[in-house]
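Student: If you read the protein sequences in the order shown, they are chains A and B.
When you line the first sequence up against numbering that gives the first Met the number 0, it's residues 0 to 149, in that order.
When you line the second sequence up against numbering that gives the first Met the number 0, it's residues 0 to 149, in that order.
2 protein chains.
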Amino acid sequence: MNSDEVFDAISHPMRVEILRELAKGPRGFADLKRKLKIDSSGLLDFHLKKMSSIVTTNAEGLYVLNDRGFAAVQAIDVVSRYGWQRRAYFINMGMYIVMNVYLFLTIQHWAILIVFGVWTAWIVFYSYWTFIKRRVRLRDNGQSKTSLER
Amino acid sequence: MNSDEVFDAISHPMRVEILRELAKGPRGFADLKRKLKIDSSGLLDFHLKKMSSIVTTNAEGLYVLNDRGFAAVQAIDVVSRYGWQRRAYFINMGMYIVMNVYLFLTIQHWAILIVFGVWTAWIVFYSYWTFIKRRVRLRDNGQSKTSLER
DNA sequence: AAGCGTGGTCAATGTTTCTTGACTTGCTGG
DNA sequence: CCAGCAAGTCAAGAAACATTGACCACGCTT
Chain A
0 MNSDEVFDAI SHPMRVEILR ELAKGPRGFA DLKRKLKIDS SGLLDFHLKK MSSIVTTNAE
60 GLYVLNDRGF AAVQAIDVVS RYGWQRRAYF INMGMYIVMN VYLFLTIQHW AILIVFGVWT
120 AWIVFYSYWT FIKRRVRLRD NGQSKTSLER
Chain B
0 MNSDEVFDAI SHPMRVEILR ELAKGPRGFA DLKRKLKIDS SGLLDFHLKK MSSIVTTNAE
60 GLYVLNDRGF AAVQAIDVVS RYGWQRRAYF INMGMYIVMN VYLFLTIQHW AILIVFGVWT
120 AWIVFYSYWT FIKRRVRLRD NGQSKTSLER
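Structure representation (structure tokens):
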């Protein structure tokens with residue numbers, strides 16, 4: 000799958016809006032014009048043509064996303080939720096530590112070992128998923144001296 | 000997080016290559032020039048400046064990705080691996096059905112119920128993750144009549 | 001039959017982005 | 001001390017992109 004054209008297709012704010020709208024379902028030409036408040040037909044036409052590799056028309060003549068269109072929407076989500084992943088990790092980890100220490104100190108019953116075991120397994124899997132699979136970094140790599148301003 | 004500038008940064012093939020190279024580790028200017036076979040310094044300079052919001056320089060003066068740079072690389076991965084997710088789902092599902100039917104027909108022992116239970120739990124979680132969280136679609140939505148060629 | 005809505009196309013123009021190539025600065029080895 | 005390389009900067013032109021506005025064809029309806 001060639002990602003270049005997907006990113007080209009979503010590198011303009013109006014195209015991102017069109018994608019978000021089409022992700023909700025098939026839409027007609029005038030439909031899109033109204034929803035996105037675009038006055039010019041030519042402009043909408045231009046952007047739809049630009050995205051011809053990820054937006055097609057169905058049997059009723061409505062615009063729909065194809066596979067790669069959904070991939071593009073997902074890519075937008077990944078970028079905009081990136082900060083969330085790290086926070087979720089810390090929340091989950093904090094939960095794990097606090098709850099287990101609390102349970103261990105108060106209840107003192109063998110059944111805790113099961114909870115502890117299952118939870119630990121989950122944390123190991125979750126850490127693997129977060130850091131290896133999804134490549135989340137804990138901190139800004141590289142002491143950034145100063146950004147390259149124009 | 001403003002995704003517009005991230006997508007802008009990765010909407011050109013050369014910039015995607017630069018990102019992939021920097022994802023491997025910090026690189027110097029001439030390093031990048033050699034690896035990506037760019038003759039013109041001005042060209043590389045232009046693209047690095049273009050990505051100034053996701054590429055910075057570290058204490059040694061080498062170019063590195065910041066948080067958002069890694070998000071961008073991840074977005075590229077999501078797009079290029081989208082087809083793979085669906086295939087993995089079918090493989091996993093097929094495995095589940097074949098193995099359980101096989102075990103049930105051949106071994107006939109109560110311990111199978113545990114394997115069956117754990118495996119079913121995993122499949123439920125995996126389906127949730129695949130279809131709800133990651134929004135993978137099973138089929139191409141929309142009978143695509145014909146794509147909008149220029 | 002005239003007017004309106006849908007679903008477009010196309011040419012022209014202004015704006016931005018890419019690319020080239022010439023130039024600078026600072027360091028290093030011979 | 002000067003050649004050569006690393007690490008850039010910058011102006012100018014070419015190419016691509018974005019936007020406008022005029023136009024077209026079809027179907028419906030009043």
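Even glycine gets a Cβ: it sits at the ideal position worked out from N, Cα and C.
1. Quick one, which of A:I53, A:W118 and A:I17 has its alpha-carbon nearest L43 of chain A's?
2. Using CA coordinates, which residue listed in A:F89, A:K48, A:V78 and A:A70 is at the minimum distance from Q73 of chain B?
3. Taking the CB atoms as reference points, tell me whether G27 of chain A and L61 of chain A lie closer together than 7 Å.
4. Under 8 Å Cβ-Cβ, which residues of chain A neighbour A71 of chain B?
5. Output yes if chain B places a C-beta closer than 7 Å to the C-beta of A29 of chain A; else output no.
6. Hey, could you find the ends of the alpha helix (DSSP H) L31 of chain A is sitting in?
7. Check whether the Cβ of F89 of chain A lies closer than 7 Å to any Cβ atom in chain B.
8. So with CB distances below 7 Å, who are the chain B contacts of V5 of chain A?
9. So, does the CB of S163 of chain A fall closer than 7 Å to a CB anywhere in chain B?
10. Taking all protein chains shown into account, do 16 or more other C-beta atoms lie within 10 angstroms of the C-beta of L31 of chain A, making it buried, or fewer, making it exposed?
11. Is it right to say M94 of chain B is buried, meaning 16 or more other beta carbons lie within 10 angstroms of its own, or is it exposed?
12. Could you run through the region 9–34 of chain B and flag, in chain order, every residue whose CB is less than 7 Å away from some CB of chain A?
13. Please compile the residues from chain B whose C-beta is within a distance smaller than 7 Å of the C-beta of A74 of chain A.
14. Within 7 Å of any Cβ in chain A, is that where the Cβ of Y81 of chain B sits?
Tutor: Taking the geometry as given:
1. A:I17
2. Each of A:F89, A:K48, A:V78 and A:A70 was checked against the Cα of Q73 of chain B, and the nearest Cα belongs to A:V78.
3. Yes.
4. V78
5. no
6. That run of the alpha helix (DSSP H) goes F28 to K34.
7. no
8. V78
9. This structure cannot settle anything about residue 163 of chain A, because the visible part of chain A is limited to 0 through 149.
10. buried
11. exposed
12. Along the region 9–34 of chain B, the positions whose C-beta sits under 7 Å from a C-beta of chain A are I9, S10, P12, V15 and P25, read in chain order.
13. A74, V77 and V78
14. yes
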